[in-house]
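Asks: Be aware that the sequence shown starts at 1, since it is given in full-length UniProt numbering, and climbs by one per residue.
Below is one structure. I have some questions about it.
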Amino acid sequence: RYGNELKSELNAYVTKNLMRIGETEKSNATFETFMDAYAKRIRNDNYASIAAGVFPTMGILGTFISIALTLPDFSSQTAGALEQEISILLSGVGTAFYVSIYGILLSLWWIFFEKRGLSRFDRDVEIIREATASLFWTKEEIEQAYLKENLQHFEKIGLMFERLSSNDFFERLGKNIESKFELFDEMLTMEASAVKRVSEHIKEGMDTLARSQEKQKGLIELHEQMLAKIEGFNENTTALHVKMTENNEEMIATNQELLRALKESAAARNPNEPNAEVESLKESLKMIDAETEEIIQKMDALK
Numbered sequence: 001r002y003g004n005e006l007k008s009e010l011n012a013y014v015t016k017n018l019m020r021i022g023e024t025e026k027s028n029a030t031f032e033t034f035m036d037a038y039a040k041r042i043r044n045d046n047y048a049s050i051a052a053g054v055f056p057t058m059g060i061l062g063t064f065i066s067i068a069l070t071l072p073d074f075s076s077q078t079a080g081a082l083e084q085e086i087s088i089l090l091s092g093v094g095t096a097f098y099v100s101i102y103g104i105l106l107s108l109w110w111i112f113f114e115k116r117g118l119s120r121f122d123r124d125v126e127i128i129r130e131a132t133a134s135l136f137w138t139k140e141e142i143e144q145a146y147l148k149e150n151l152q153h154f155e156k157i158g159l160m161f162e163r164l165s166s167n168d169f170f171e172r173l174g175k176n177i178e179s180k181f182e183l184f185d186e187m188l189t190m191e192a193s194a195v196k197r198v199s200e201h202i203k204e205g206m207d208t209l210a211r212s213q214e215k216q217k218g219l220i221e222l223h224e225q226m227l228a229k230i231e232g233f234n235e236n237t238t239a240l241h242v243k244m245t246e247n248n249e250e251m252i253a254t255n256q257e258l259l260r261a262l263k264e265s266a267a268a269r270n271p272n273e274p275n276a277e278v279e280s281l282k283e284s285l286k287m288i289d290a291e292t293e294e295i296i297q298k299m300d301a302l303k
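Below is the structure:
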């Protein structure tokens, strides 16, 4: 149980504290810190520290209890009774010494097996330390790795300074700067040309817009003149229509009066005799009415 638990916790501890230096990646924490924390969880130091003193104390306590229980009151009047009381006292003292000896032996037994267990634990810890030494950074390895990285950086910096101080570098740098300036001049020239073209296009557009406005102004004036003429034509047409309507009404009234006179003259004649003049006048009136209506319709359409 503890073996698998130790492996899983050690793996999590190493993974949590990984640190990469160069191409090597190890745990930056120490193995001792992990083992101290793990040992405190599986061993209670409070009980372990007092156990060695509990057994001798119990032996001494048993000694005093045995003596107290077998201690006579020395109230005997005869020598035999007194000897018996002394014998009981000595028996209690012997029991007390045995109890004290057992307490001391138990204390020695506890200390021996505790130290033996701690020795085995330390040996196992040392085996685990050697097996996992490649997972943890040591102070010397960190110093060597940093020194190696610094030397590599110094070599790169030296190569960089060597390239910077070479004539080829300055020559290429000068050519690049010159090409950049030439490109910048070309860009300025192209920008000036583009600005000039844009200004020309804007000027042409403004001229075209001005001409268009002038033409539009002429069209507006022409349109206003056309509207004025159409309005005058409508007024003349309306007056003509009114005049023709009045003439037509007068003509109809005259024709009706003439028709009435003809009817009266015809009445004086024979009623069965046809009157050609009356019929001709009727046809003329119908034609005049039709032409008048046609003229009125055309005049209405022109409005």
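Where is the CB? At the ideal position from N, CA and C, for every residue including glycine.
1) Contact between the stretch 49-60 and the stretch 95-103 is defined here as three or more beta-carbon pairs at a separation below 8 Å; is this criterion met?
2) Tell me the residue span of the alpha helix (DSSP H) that contains Arg41.
3) Alpha carbon to alpha carbon, how far is Trp110 from Ser134? Give it in angstroms, no decimals.
4) Starting from Glu25, trace the beta strand (DSSP E) in both directions and tell me its first and last residue.
5) Could you tell me the boundaries of the beta strand (DSSP E) in which Leu135 lies?
6) To the nearest angstrom, how far is the alpha carbon of Glu130 from that of Leu61?
7) Would you mind giving the Cβ-Cβ distance between Phe154 and Thr30, rounded to the nearest angstrom? I have them listed as a contact below 8 Å.
8) Return the CA-CA distance between Lys286 and Lys217, expressed in angstroms with no decimal places.
9) Is it the case that the stretch 18-25 contacts the stretch 143-152, given that we only count it when at least three CB pairs across the two stretches are under 8 Å?
10) Below 7 Å CB to CB, which residues in the same chain sit around Val99 once its five sequence neighbours on both sides are set aside?
11) Hey, quick one: how far does the beta strand (DSSP E) through Leu18 stretch, first residue to last?
12) For Leu71, which of helix, strand or coil comes out of DSSP?
13) Compare the beta carbon distance of Tyr38 and Glu9 with 8 Å and say whether it is the shorter of the two.
14) Compute the distance between the beta-carbons of Asn28 and Asn11, then report whether it is under 8 Å.
15) Which runs of the beta strand (DSSP E) fall wholly inside the stretch 149-211 and span at least 3 residues, in chain order?
16) Please report how far the alpha carbon of Glu221 lies from the alpha carbon of Glu257, in whole angstroms.
Replies: Once the coordinates are examined:
1) yes
2) 31-42
3) 37 Å
4) 24-27
5) Element bounds for Leu135: n/a, residue is neither H nor E.
6) 47 Å
7) The pair is not a contact, with the Cβ atoms about 30 Å apart (cut-off 8 Å).
8) 53 Å
9) yes
10) Gly59, Gly62, Thr63, Ser66
11) 18-21
12) coil
13) yes
14) no
15) none
16) 53 Å
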